[in-house]
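*Asks:* In our numbering, the protein residues as written are 6 to 299.
1) Counting along the chain, where does the beta strand (DSSP E) carrying residue 148 start and finish?
2) Please state the DSSP three-state secondary structure of residue 43.
3) Whose C-alpha, out of 226, 50, 28, is nearest the C-alpha of residue 165?
4) Which residue from 256, 190, 246, 33 puts its Cα closest to that of residue 87?
5) If contacts are defined as beta-carbon pairs under 8 Å, then residue 149 and residue 137 qualify, I think. What distance do you get, rounded to the angstrom?
6) Would you mind working out which of 36, 31, 28, 61 sits nearest residue 42, comparing C-alpha positions?
7) What are the start and end residues of the beta strand (DSSP E) that includes residue 185?
8) So within the segment 17 to 83, which uninterrupted beta strand (DSSP E) runs reach at least 3 residues, ignoring any that extend past its ends?
9) Check each candidate in 49, 278, 32, 298 and name the one with the smallest Cα separation from residue 39.
10) Classify residue 89 as helix, strand or coil using the three-state DSSP reduction.
11) Confirm, please, whether the CB-CB distance from residue 153 to residue 213 is below 9 Å.
12) With 16 other CB atoms within 10 Å as the buried threshold, where does residue 188 fall?
13) Tell me whether residue 279 sits in a helix, a strand or coil according to DSSP, three-state version.
14) Exposed or buried, what is residue 161 when buried is set at 16 or more other beta-carbons lying within 10 Å of its beta-carbon?
15) Is it a yes or a no for the segment 233 to 252 touching the segment 170 to 179, going by three-plus beta-carbon pairs under 8 Å?
16) In angstroms with no decimal places, state the Cα-to-Cα distance between residue 262 and residue 9.
17) Checking 9 Å against the spacing of the C-beta atoms, do residue 244 and residue 112 come in under that value?
18) Take every Cβ of the segment 100 to 115, pair it with every Cβ of the segment 217 to 225, and state whether three or more of those distances are shorter than 8 Å.
19) Using a 10 Å radius around the Cβ and a threshold of 16 neighbouring Cβ atoms, would you call residue 250 buried or exposed?
20) Tell me which residue opens and which closes the alpha helix (DSSP H) that residue 267 is part of.
21) Note down the Cα distance separating residue 6 from residue 288, rounded to an integer number of angstroms.
22) What separation, rounded to the nearest whole angstrom, lies between the Cα atoms of residue 13 and residue 47?
23) Using a 10 Å radius around the Cβ and a threshold of 16 neighbouring Cβ atoms, would you call residue 57 buried or exposed?
24) Quick check on the burial criterion: 16 or more other C-beta atoms within 10 angstroms. Buried or exposed for residue 228?
25) Can you find a CB in chain D that lies within less than 9 Å of the CB of residue 68?
26) Residue 24: which of 246, 268, 191, 281 sits nearest, CA to CA?
27) For residue 178, is the classification buried or exposed, using 16 other Cβ atoms within 10 angstroms of its Cβ as the cut-off for buried?
28) Taking the straight line between their C-alpha atoms, what separation do you get for residue 286 and residue 193?
Below is the structure:
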């Protein structure tokens with residue numbers, strides 16, 4: 006990577022955007038972080054990044070933030086507390102697309118998810134599909150990173166297990182392994198993808214070094230803590246109750262349930278195609294457990 010390119014990065018208050026920005030800065034790239042408030046940019050300015058303040062629903066401000074960049078990393082952050090989170094995701098997707106065209110952005114990498122190729126029955130992932138559909142229509146070179154299940158999704162469950170002594174899982178059966186990936190790996194691969202050249206639209210599927218089951222997580226915790234950590238699957242009939250008090254709207258809870266059912270049934274999975282680029286991270290589930298416990 007050379008020093009001359011400037012890359013715009015959204016979502017730096019979250020895990021993947023922060024990882025993208027850190028990776029690019031470490032490689033000597035110029036980085037412009039896109040934040041909602043000036044305060045959110047202070048830590049990045051101290052690391053040498055430019056700061057642009059823009060909402061993902063403000064086309065003018067966003068196009069200004071993207072202007073002059075050699076590429077951009079884009080996420081469409083879900084508004085889980087809102088009843089209209091799916092409509093909000095469509096508005097953000099359309100605004101991002103319009104702003105990218107106006108800014109004459111040469112290329113962009115958008116965070117998506119496995120299952121975004123499915124037209125229905127995927128819950129929250131429908132928001133990723135909305136972003137893909139809007140950006141596909143721009144005619145710009147776009148890379149969609151269809152990431153596997155985030156390893157960090159387990160953090161609340163692990164924190165609860167440390168207090169209660171047992172681990173609960175929405176994923177089932179407990180011995181079924183599925184692809185998972187750490188958010189730092191997503192950020193690193195996204196930064197690498199931004200430095201590549203491609204035409205039109207491409208898809209990169211992301212997974213960790215191996216697949217994991219809920220039982221694997223329980224075993225990792227058992228080894229790390231030196232005591233047995235039991236795990237149980239939460240019955241589907243109890244999912245809505247278990248999510249009460251989470252701060253999610255009723256619509257968001259419904260979307261989570263549909264998505265998790267699709268994960269458990271295999272409806273959400275990687276595409277079996279030689280034309281799809283699949284890349285693996287290096288961070289293991291044991292690494293994430295160590296991070297949580299440290």
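Backbone N, C-alpha and C define an ideal beta-carbon position, used for all residues, glycine too.
*Replies:* By the coordinates alone:
1) 147 to 152
2) helix
3) 226
4) Checked all of 256, 190, 246, 33; the closest Cα to residue 87 is 256.
5) 5 Å
6) 61
7) Taken as a continuous stretch (DSSP letters only), the beta strand (DSSP E) holding residue 185 covers 183 to 186.
8) 35 to 40, 55 to 58, 76 to 79
9) 49
10) coil
11) yes
12) buried
13) coil
14) exposed
15) yes
16) 45 Å
17) no
18) no
19) exposed
20) 255 to 270
21) Note that residue 6 has pLDDT 45, beneath the 50 cutoff, so the model's placement of it is unreliable and the number below is only indicative. Each residue's Cα considered, the two are about 23 Å apart.
22) 16 Å
23) So residue 57 ends up on the buried side.
24) exposed
25) The structure shown contains no chain D; it is built from a single protein chain.
26) 191
27) exposed
28) Per the coordinates, the alpha-carbon of residue 286 lies some 9 Å from the alpha-carbon of residue 193.
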